[in-house]
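Asks: Sequential numbering of the sequence shown, starting at 27, is according to the working numbering.
Backbone N, C-alpha and C define an ideal beta-carbon position, used for all residues, glycine too.
As the structure is a computational prediction, the values presented were derived from the model and not from experiment.
Following this message is one structure expressed as structure tokens.
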Amino acid sequence: MPSFDTSLATAQKLDANDELASFKQQFHFPKHNGNDTIYFCGNSLGLQPKNVEAAVQQELDDWKNVAIAGFSKAKTPWLYYQEYLRPSLANIVGAKEAEVTVMNTLTVNLHLLMLSFYRPTKQRFRIMMEAGAFPSDQYAVETLVKHYNLNPDDCIVEIAPRENEKILREEDIIEAIRIHDDSLALVMFGGINYYTGQLFDMKRIAEAAHAAGSVAGFDLAHAAGNVPMQLHDWNIDFAVWCNYKYLNGGPGCVGGVFVHEKFAVNADMPRLAGWWGNDEKTRFKMEKGFIAKTNASGWNISTAQVLNTVALKASLELFDKAGIQKLRAKSLQLTAYLEFLLKQLTNINFEIITPVEPERRGAQLSLYFKDKGKEIHDKMINSGIVVDYREPGVIRVAPAPMYCSFEDVYRFYEILLSGL
Ligand SMILES: *Cc1c(COP(=O)(O)O)cnc(C)c1O
27 MPSFDTSLAT AQKLDANDEL ASFKQQFHFP KHNGNDTIYF CGNSLGLQPK NVEAAVQQEL
87 DDWKNVAIAG FSKAKTPWLY YQEYLRPSLA NIVGAKEAEV TVMNTLTVNL HLLMLSFYRP
147 TKQRFRIMME AGAFPSDQYA VETLVKHYNL NPDDCIVEIA PRENEKILRE EDIIEAIRIH
207 DDSLALVMFG GINYYTGQLF DMKRIAEAAH AAGSVAGFDL AHAAGNVPMQ LHDWNIDFAV
267 WCNYKYLNGG PGCVGGVFVH EKFAVNADMP RLAGWWGNDE KTRFKMEKGF IAKTNASGWN
327 ISTAQVLNTV ALKASLELFD KAGIQKLRAK SLQLTAYLEF LLKQLTNINF EIITPVEPER
387 RGAQLSLYFK DKGKEIHDKM INSGIVVDYR EPGVIRVAPA PMYCSFEDVY RFYEILLSGL
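Laid out in structure tokens, this is it:
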């Protein structure tokens with residue numbers, strides 16, 4: 027880690043030494059007073075890569091010009107569209123290609139995968155999750171439990187931080203898993219908590235879950251494209267994520283799914299199926315009797331969503347070029363630099379609620395302003411810096427390494443330094 031100081035020259039020197047710096051030019055930035063904004067909201071919606079427009083236009087042209095023949099004759103034949111994304115995504119989440127696919131959207135996939143993996147019995151029926159998980163995940167778990175005519179109060183175990191603490195202690199999660207033991211059917215955590223930015227030790231949680239005889243699933247919405255993972259080696263059972271946050275696939279873009287090989291090869295795994303998950307040898311025979319593909323694509327239900335996938339495909343070309351390990355290396359520096367600058371501020375009363383250990387967080391820092399959080403947020407927006415605000419006073423700052431610079435981080439600091 028280089029030593030930082032509070033000069034603009036240092037930020038500029040860090041940018042000059044950044045081998046990924048040129049990727050910034052590959053993105054469109056929203057404008058403020060005619061200038062590019064500084065964009066720290068890639069944890070909510072990533073920016074549009076410049077190569078997306080031509081890629082979308084190609085699909086529109088193929089549809090216009092060859093229509094049905096596009097399934098085999100489009101420049102990128104539509105029949106196999108999900109397949110094209112597998113190598114890049116497998117690399118990003120640390121999986122075998124056969125373990126990943128794209129389909130639907132995140133919450134839908136969470137439902138579908140939980141239907142496969144959560145099989146409550148009289149003995150084992152509990153789902154463990156983090157308290158304050160993203161609302162959609164909470165609703166998914168609550169309604170799934172009700173769908174089985176079970177009572178959410180009996181079935182859902184939420185793990186919360188200790189009194190006066192803001193982040194979960196991993197040892198508390200592990201201990202809770204041990205205590206609930208053979209009543210646990212599913213341990214379901216976010217890879218990174220959307221609010222605090224806490225990165226969980228997924229391997230350790232999965233190990234504990236398995237020792238209790240439970241399944242371990244993860245929602246990687248804030249982890250995918252942010253931190254490198256090794257889902258296969260960590261023995262994660264299943265995972266789902268959206269591709270429009272750090273992965274820049276565009277609003278409502280197709281979602282990602284990981285099913286560990288040990289389950290994916292099993293055509294008898296319970297699931298809700300459709301023809302796109304059927305073995306390709308028999309798919310178009312249109313016969314009775316579903317025969318699952320023996321990989322993650324066996325969970326695909328419908329025809330590939332070409333127009334909803336093409337932007338992601340274009341975006342992943344940039345991830346292939348930059349490399350997730352190099353992105354992470356830059357991200358560690360960027361976030362450390364942000365943290366350093368924030369710690370120099372004495373004029374504002376705030377607290378960083380994200381863990382201080384770099385290996386327990388991704389790009390994002392969540393700042394809790396004890397007063398005037400909203401005013402500070404408004405000042406940022408009016409100064410051309412896009413950050414997000416959550417009650418009661420939390421500004422989440424996510425310098426995505428793909429298109430944020432050290433100077434961007436410096437400008438953020440400068441505004442805070444100037445006060446209200
Ligand atoms: C962003 C996010 C979602 C959003 O789900 P969609 O189905 O894509 O709308 C769900 N869960 C988490 C943890 C998220 O961060």
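Three Cβ pairs or more, each shorter than 8 Å: is that satisfied between the segment 129-137 and the segment 147-167?
Replies: yes
Asks: Are the beta-carbon atoms belonging to Ala247 and Val213 less than 8 Å from one another?
Replies: no
Asks: Would the beta-carbon of Ile185 fall within 8 Å of that of Met140?
Replies: It is not a contact, given that the beta carbons lie outside the stated cut-off.
Asks: May I ask which residues mark the beginning and end of the beta strand (DSSP E) holding Asp245?
Replies: 241-245
Asks: Of the residues Pro384, Met255, Ala211, Lys122, which one's Cα is nearest the Cα of Asp229?
Replies: Looking at the sequence shown, residue 229 is not Asp but Lys. Out of Pro384, Met255, Ala211, Lys122, Met255 has the C-alpha closest to the C-alpha of Lys229.
Asks: Identify whether Ile182 lies in helix, strand or coil by the three-state DSSP scheme.
Replies: strand
Asks: How big is the Cα-Cα spacing for Ala234 and Ala100?
Replies: Approximately 47 Å between the Cα atoms of the pair.
Asks: Can you list every residue whose CB sits closer than 6 Å to some heavy atom of ligand 1, going in chain order?
Replies: Thr131, Leu132, Thr133, Phe160, Ser162, Asp163, Gly216, Tyr220, Asp245, Ala247, His248, Cys268
Asks: I'd like to know whether the C-beta atoms of Pro425 and Val435 end up nearer to each other than 8 Å.
Replies: yes
Asks: To which residues of the same chain is Asp346 closer than 7 Å at the C-beta, ignoring the five residues directly before and after it?
Replies: Ser114
Asks: Near Thr329, which residues of its chain fall below 7 Å by C-beta distance, leaving aside the five closest residues on each side in sequence?
Replies: Trp302
Asks: Please report the straight-line C-alpha distance between Lys288 and Tyr220, rounded to a whole angstrom.
Replies: 29 Å
Asks: State the start and end residues of the unbroken alpha helix (DSSP H) segment that holds Glu440.
Replies: 432-444
Asks: Using DSSP's beta-bridge definition, name the partner residues of Arg152.
Replies: Leu210
Asks: Using DSSP bridges, identify the partner residues of Trp267.
Replies: Gly282, per the DSSP bridge assignment.
Asks: So Leu364 and Pro75 are supposed to be a Cβ contact under 8 Å. How far apart are they, rounded?
Replies: Here Leu364 is actually not in contact with Pro75; their C-beta atoms are around 24 Å apart, not less than 8 Å.
Asks: At what residue ranges does the segment 64-105 contain a whole run of the beta strand (DSSP E), taking only runs of 3 or more?
Replies: none
Asks: Is Glu233 helix, strand or coil by DSSP?
Replies: Looking at Glu233 - three-state DSSP - the assignment turns out to be helix.
Asks: Kindly indicate which three-state DSSP category Asp227 falls into: helix, strand or coil?
Replies: coil
Asks: Just how far apart, CA to CA, sit Ile64 and Asp88?
Replies: 36 Å
Asks: Could you check how far apart the C-beta atoms of Ser392 and Gly223 are, in whole angstroms? I think they sit under 8 Å.
Replies: 5 Å
Asks: Let me confirm a value: Phe226 is counted as buried when at least 16 other C-beta atoms fall within 10 Å, else exposed. Which label applies?
Replies: buried
Asks: Report yes or no: do the segment 321-338 and the segment 297-313 share at least 3 C-beta pairs separated by less than 8 Å?
Replies: yes
Asks: Go ahead and pull the three-state DSSP assignment for Lys57.
Replies: strand
Asks: Given this structure, state the Cα-to-Cα distance separating Gln390 from Thr361, to the nearest angstrom.
Replies: Distance between Gln390 and Thr361, taken at the CA atoms: about 7 Å.
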